[in-house]
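Its first residue numbered 0, the sequence shown is counted upward by one per residue in numbering that gives the first Met the number 0.
Ideal placement from N, C-alpha and C gives every residue a C-beta, glycine not left out.
First the structure, in the form of structure tokens, and then the observations on it.
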Amino acid sequence: MSAVTPRPTAGSEFVWGLRLLGRGFGMYAKYPGLLLLGLIPAVIAFFVLLAAFVTLLVFLDDLGGWIAGSFAGGWSADARKAAELLIEVTIVIGALWLSVIVYTALTLIIGDPFYEKISEEIERRLGAVDHPELPWHKTLPRNAADSIRVIGTQLLLTIPVLLIGLVPFVGQVLAPILALLIGGWLLSLDLTGIPFNRRGVFLKERRRVLRQHRALALGFGIPVAALALVPFANIVVVPAAIAGGTLLTRRVHGQPID
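In structure tokens:
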């Protein structure tokens, strides 16, 4: 009688997600030319978002004053100023959190052919995919649409998370945890899009598959979200995360990753 293989624990799967991201970074040493190719769209997307963020900072006082004026017109000067400051801080925190997902999605849209090449080459060297593969020019529109849908989901979730963050004491602890969990999950969805779509497995089914491996997906996505908050780190994180996302895709499909 054959032994039953024990189901991996959530903890071990989370650690595996971390390991897959680490192996993605290891691809810089293993295939330097391939991964460095992915820096081009990452740099372009970085400067696009940097310009948008600087523009936000330039108009931040006006924006905070306008929002505060809509409900705090009759307040004392000190109370109104405190409200404006709270609004401005909330806007900046929200913009930084949004930038994690938006940057990754924008980079994937700009650099789709580059990242298709990285993912495809890694798969070729690890062994052929069992399923019929779709060419990159057929998956590009789908990849872009999926990234836009992920951004939309992030936008919808931003407001409630920010509102939770305004709750004294509890909010300051709970909001960052929720932001990392949500960001990690959405990044896992987005960063596995290219290898999943190549297999003809699109967003709805991809979400279902990753739910079955939720700890693995979070172990991969949460550190990506955390690293993305470090200035300039995103530029080198995205190509490595694409490589790691390809390995994650192969793992959940039962394909070799060594």
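Exposed or buried, what is residue i when buried is set at 16 or more other beta-carbons lying within 10 Å of its beta-carbon?
i, result
"Phe-219", "buried"
"Leu-247", "buried"
"Glu-204", "exposed"
"Ala-41", "buried"
"Val-3", "Interpretation of Val-3 is limited by its pLDDT of 48, a score under 50 that renders its predicted location unreliable; the figure taken from the coordinates is listed afterwards. Val-3 comes out exposed."
"Leu-35", "exposed"
"Val-53", "exposed"
"Trp-65", "exposed"
"Ser-1", "With a pLDDT of only 44 at Ser-1, under the threshold of 50, the placement of this residue in the model should not be trusted, and no figure is reported."
Anyone know if the C-beta pair for residue i and residue j falls short of 8 Å?
i, j, result
"Val-208", "Val-223", "no"
"Ile-43", "Tyr-114", "no"
"Gly-93", "Thr-152", "no"
"Ala-239", "Met-26", "yes"
"Gly-63", "Ile-90", "yes"
"Ile-181", "Val-149", "no"
"Ile-177", "Ile-163", "For clarity, residue 177 is Leu in the given sequence; the question names Ile instead. For Leu-177 and Ile-163, yes; Cβs fall inside 8 Å."
"Tyr-102", "Ala-225", "no"
"Gly-243", "Gly-10", "no"
"Leu-48", "Ile-256", "no"
"Phe-58", "Arg-141", "no"
Are the C-beta atoms of residue i and some chain C residue less than 8 Å apart?
i, result
"Phe-70", "The structure shown has no chain C; it contains just one protein chain."
Straight-line CA distance for residue i to residue j?
i, j, result
"Glu-12", "Leu-56", "40 Å"
"Ser-98", "Asn-233", "10 Å"
"Asp-111", "Ser-146", "11 Å"
"Phe-231", "Phe-46", "10 Å"
"Val-229", "Val-172", "20 Å"
"Trp-15", "Ala-82", "44 Å"
"Leu-155", "Ile-121", "34 Å"
"Gly-170", "Ala-104", "28 Å"
"Arg-123", "Gln-254", "12 Å"
"Gly-32", "Asp-189", "23 Å"
"Thr-8", "Ser-187", "19 Å"
"Val-340", "Pro-159", "Absent from the structure is residue 340, since the part of the chain shown begins at 0 and ends at 257."
"Ala-51", "Asp-61", "16 Å"
Of the residues the options, which one's Cα is nearest the Cα of residue i?
i, options, result
"Ile-117", "Val-169, Arg-197, Asp-60 and Val-229", "Arg-197"
"Leu-139", "Leu-155, Leu-154 and Leu-107", "Leu-107"
"Phe-195", "Ile-221, Glu-119, Val-88 and Leu-95", "Glu-119"
"Leu-84", "Ala-67, Leu-95, Trp-74 and Ser-75", "Ala-67"
"Leu-161", "Leu-36, Val-88 and Asp-61", "Val-88"
"Thr-245", "Ala-9, Arg-6, Thr-8 and Leu-20", "Leu-20"
"Arg-6", "Asp-60, Gln-211, Ile-221 and Ala-242", "Gln-211"
"His-252", "Thr-191, Trp-74 and Leu-95", "Thr-191"
"Leu-95", "Pro-175, Phe-70, Ala-28 and Leu-17", "Pro-175"
For the alpha helix (DSSP H) that contains residue i, what are its first and last residues?
i, result
"Tyr-114", "111-125"
"Ile-66", "59-68"
"Phe-201", "Counting along the chain, Phe-201 falls outside any alpha helix (DSSP H), and DSSP gives it neither H nor E."
"Ala-71", "No alpha helix (DSSP H) contains Ala-71, which DSSP labels as neither H nor E."
"Gln-211", "Where Gln-211 is concerned, there is no enclosing alpha helix (DSSP H), given that its DSSP letter is neither H nor E."
"Ile-176", "169-190"
"Phe-231", "It is not in any alpha helix (DSSP H) - Phe-231 carries neither H nor E in the DSSP assignment."
"Val-14", "9-29"
For the ligand ATP, is there any heavy atom lying closer than 7 Å to the beta carbon of residue i?
i, result
"Asp-77", "In the structure on display, the ligand ATP does not appear, and there are no ligands present to speak of."
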